Each structure stands twice: as structure tokens, then as C-alpha cells.
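Residue numbering for the sequence shown follows the numbering used here, beginning at 2 and increasing consecutively. Idealized CB from N, CA, C, for every residue including glycine. Just so we're clear, the structure is a prediction, and the values are computed from it rather than from any experiment.
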Amino acid sequence: MSEPLPHSAIYFGDSRDHWWHADQLELFARRLELGRRRRVLDVGCGYGHWGRALLPLLAPDAHLSGIDPEARSVAEAERRTRAFAAARRHEGTFDWQVAYAERLPFADATFDLVTAQTVLIHVHDVAVVIAELTRVLAPGGLLLLAEPNNVAGVTAALIDGPEADPELVLTLTELELRIQRGKYKLGEGFNSAGEYLVRYIDPRSYTDIRGWLCDRSYPMAPPYAEPGAQADLADLREFQAQGWYNRTREDALRYYLAGGGDAERFARAWAMGLAHDAARLAKAEAGQLYAGGGHVFHVLAATRRGLDGTSAGTA
């Protein structure tokens, strides 16, 4: 059995630099008064893409802390974020460390903003992590989560027009859902957790619970000249080289069986998925791929109540 690639080697490509439109983030900043947040924690920071997206919107002297379970990610987040901040003459300070979302190495009520992007889709128990994020969040502080519904994203990519093959769409949607179910049953997280995160936000601990969707789609149209389109095209190539939807066959089968599927049905669906992706990539390489790039990416914000359960002012 080959050694699995670290999470950071698979999921932190340049496309993450294009996940958000700056004007939507600026709108969030106004709605949530991010400019008053000075003690910020980025949980599961990866290479620091989300922290850097938020950094210009925080207080000028904000201190940004980042944690991730992979040392490789922590080092890369520090390198990239320090360069980003230096280029913009950011006055704030930073620190990063290797740690887990389930066991944050910080005292209670340390931060006035705790945030995570595409982290809760990978954790064994969302409730445990939310409780830990809540513990380190000061009364009046803001919890800000960004998580996808990846079943919806996979299905959207299969609808390439009114001529879309219903059997293909249904087969590959089932494949994705069983893989995600199996991953969850094996304790490795659910990749569409964004759709139901609100159930974990206890109104006894939080007030002013609000949600939005990311307004960025992933359109592909020749000549694919925009940096975002180039990054998405690179993802398309990498995903196919890895397997189907950026998974090896070995991992996908393990999840699929745990999700209630059988090996024969998996083999058929997997072959359909590979063929679909190969055709899609061939169209792109020939300058013939047109796609709207629909996906569903949830943003959830909530304000920490006072420790006695009452509404509290900003920390």
C-alpha cells in the first residue's frame, strides 16, 4: 500500500486564492464589524489562505494566530502570510503552531474572532470542535465558519446542459454521497457539513446567528485566461491524475464500502467518473469546455453570549 499524501499536498492549491471575491469579503466585514477584531484565531489554517483573505479586513494592529495539525502547513502559512503582510505593511503580529481543533492550546475567552474554513468537513465530531472554538472565544466575540456542501458541487458539475445523461448524474451523485457517508462512518468527517452546521450553534451560547453563501462560482470558458480559471484548470488536471474528484481509487473504495455500497457497483461508477473527468479535461485542453461552475459554500456567523448566557458586548 502506498503512503497517503498529507492533506496539505492535496488540497491547498492556488485555486484557494480565488475562492472569494474581495467585494463580498468587504461586505462581510461591514456586516460583522471585522475591523474591530484584534485577537483572531484561524483554526485549521492550512497554508493560510483564509487568514490572508481576512487580514486586510481586521483591525490594523490585529494579532492573527493560526493552528493546523500538519507542521508542513504551519510553516507554509507563516511564510506566505508574513510575505503578504510585509507587502501591505500590515502593522499586526502573528503566531502559528501545530495543534488540533479538538484541543486548542489557548486559555478560555482568548479571542474576539475564531474562524475556520473547510475544517469541520474533516473532523470526527463537529460538536466537540464547536465546543472547543466556543471555549476560546470571548463574550461578544464572533464565530465565523465557511464550509461547503460538496455533494451539491459534484452534482452541479455533472449538469452540463439539457442533454446531461440522467444515469451518469444519478450514478456519480450516489458515488459521491456514499463516499462521503463512508468517510463519516469511519470517523473522518463529512464533506458536505456546511449544509447543516447551524444545528451545532447552541442558542444558549450564541446570539445573532446569520448565514450567507459564497457568491463565487467557477465558470470555465475559453480562453481560460483569468488567473482563477487557470488555477481551476490546474485543479482539474491534478484531480484527474489523483483519481476521481481528487481521491485515489483505494481511498474511494474504502469509503464507498463503509457507506453501504458494494464493490461491483463501485467499479462501474468509478469507471464512469474517470471517463467523465477525462472527457471534461480533454474539452478544456482543446478550448471547448464551457461550464458555469456552480457550487454551494456556506458562511455562518454567530456572536458569543456572556458566560451567564446573556447577550454581551464586543470583546
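Per DSSP, which one or two residues make a beta bridge with residue i?
{"i": "TYR207", "result": "ARG305"}
{"i": "ASP43", "result": "GLY67, THR116"}
{"i": "MET221", "result": "ALA292"}
Quick check on residue i: does DSSP put it in helix, strand or coil?
{"i": "GLN98", "result": "strand"}
{"i": "LEU214", "result": "strand"}
{"i": "VAL300", "result": "strand"}
{"i": "ARG250", "result": "helix"}
{"i": "TRP245", "result": "strand"}
{"i": "PRO228", "result": "helix"}
{"i": "LEU258", "result": "helix"}
{"i": "GLU265", "result": "helix"}
{"i": "LEU6", "result": "Note that LEU6 has pLDDT 45, beneath the 50 cutoff, so the model's placement of it is unreliable and no number is given."}
{"i": "TRP271", "result": "helix"}
{"i": "TYR201", "result": "helix"}
{"i": "VAL14", "result": "Strictly speaking, residue 14 in this sequence is Gly, with Val absent from that position. Coil at GLY14, not helix or strand."}
{"i": "HIS19", "result": "helix"}
{"i": "PRO57", "result": "helix"}
{"i": "ARG38", "result": "coil"}
{"i": "PHE191", "result": "coil"}
{"i": "ALA285", "result": "helix"}
{"i": "ASP236", "result": "helix"}
{"i": "TYR48", "result": "coil"}
{"i": "ASP24", "result": "helix"}
{"i": "ASP62", "result": "coil"}
{"i": "THR315", "result": "With a pLDDT of 47 at THR315, under the threshold of 50, the predicted position of this residue should be treated as unreliable, though the coordinate-derived value follows. Note: THR315 maps to coil in three-state DSSP."}
Rounding to the nearest angstrom, what Cα-Cα distance links residue i and residue j in this structure?
{"i": "LEU33", "j": "GLY307", "result": "18 Å"}
{"i": "HIS91", "j": "GLU148", "result": "27 Å"}
{"i": "GLU177", "j": "GLY183", "result": "10 Å"}
{"i": "GLY142", "j": "ARG305", "result": "5 Å"}
{"i": "GLY162", "j": "TYR48", "result": "36 Å"}
{"i": "LEU214", "j": "GLY45", "result": "21 Å"}
{"i": "THR315", "j": "PRO140", "result": "Below a pLDDT of 50, predicted positions are generally treated as unreliable, and THR315, at 47, falls in that range; the measurement from the model is reported next regardless. Approximately 7 Å between the Cα atoms of the pair."}
{"i": "ALA268", "j": "ALA276", "result": "12 Å"}
{"i": "GLY36", "j": "ALA23", "result": "15 Å"}
{"i": "ALA78", "j": "GLN118", "result": "14 Å"}
{"i": "ALA102", "j": "TYR291", "result": "39 Å"}
{"i": "PHE298", "j": "GLY195", "result": "7 Å"}
{"i": "SER193", "j": "HIS123", "result": "10 Å"}
{"i": "ILE287", "j": "VAL152", "result": "In the sequence as presented, Ile is not what sits at residue 287; that position holds Ala. Each residue's alpha carbon lies about 28 Å from the other."}
{"i": "TRP271", "j": "ALA242", "result": "14 Å"}
{"i": "ASP126", "j": "ILE180", "result": "18 Å"}
{"i": "GLU133", "j": "GLY261", "result": "32 Å"}
{"i": "ALA165", "j": "TYR257", "result": "24 Å"}
{"i": "ALA232", "j": "HIS19", "result": "8 Å"}
{"i": "ARG39", "j": "ALA30", "result": "13 Å"}
{"i": "LEU121", "j": "VAL300", "result": "12 Å"}
{"i": "LEU28", "j": "ASP203", "result": "25 Å"}
{"i": "PRO61", "j": "ILE210", "result": "26 Å"}
{"i": "ILE160", "j": "LEU59", "result": "39 Å"}
{"i": "GLN25", "j": "TYR246", "result": "27 Å"}
{"i": "LEU198", "j": "TYR185", "result": "15 Å"}
If I measure Cβ to Cβ from residue i and keep anything under 7 Å in the same chain, skipping five residues before and after, which residues do I get?
{"i": "MET273", "result": "LEU169, THR172, LEU173"}
{"i": "PRO5", "result": "Because PRO5 carries a pLDDT of 44, less than 50, the predicted location of this residue cannot be relied on, and the following value inherits that uncertainty. Excluding positions up to five away in sequence, the list is empty."}
{"i": "GLY294", "result": "SER218, TYR219, PRO220, MET221"}
{"i": "GLY244", "result": "ARG250, ALA253"}
{"i": "ALA157", "result": "GLY295, HIS296"}
Using a Cβ-Cβ cutoff of less than 8 Å, which residues in the same chain neighbour residue i once the five nearest sequence positions on both sides are dropped?
{"i": "ALA235", "result": "GLY14, ASP15, SER16"}
{"i": "ALA285", "result": "MET221, TYR225, LEU234, LEU237"}
{"i": "VAL137", "result": "LEU42, LEU105, PHE107, ALA108, ASP109, ALA110, THR111, PHE112, VAL115"}
{"i": "GLN289", "result": "PRO223"}
{"i": "PHE95", "result": "HIS64, LEU65, SER66, GLY67, GLU79, THR82, ARG83, ALA86"}
{"i": "TRP21", "result": "ALA54, CYS215, ARG217"}
{"i": "ARG255", "result": "GLY183, LEU187"}
{"i": "ALA279", "result": "GLN241"}
Give a yes or no on whether the minimum CB-CB distance between residue i and chain D is below 8 Å.
{"i": "LEU198", "result": "Among the chains of the structure shown, chain D does not appear; only one protein chain is present."}
Looking only at its own chain, which residues have a Cβ that is under 6 Å from the Cβ of residue i, when we skip the five neighbours before and after it?
{"i": "LEU145", "result": "THR116, ALA302"}
{"i": "PRO70", "result": "TYR101"}
{"i": "LEU282", "result": "LEU237, GLN241"}
{"i": "ARG57", "result": "Looking at the sequence shown, residue 57 is not Arg but Pro. Correct list: empty, nothing qualifies."}
{"i": "TRP97", "result": "GLY67, VAL75, ALA78, GLU79"}
{"i": "ILE131", "result": "TYR201"}
Does the beta carbon of residue i fall short of 7 Å from some heavy atom of the ligand GTP?
{"i": "LYS284", "result": "Within the structure as shown, the ligand GTP is missing, as the structure has no ligands at all."}
Taking only runs of the beta strand (DSSP E) that begin and end inside the region 84 to 167, which ones reach a length of at least 3 residues, in chain order?
Listed in chain order, they are 94 to 99, 112 to 118, 138 to 149.
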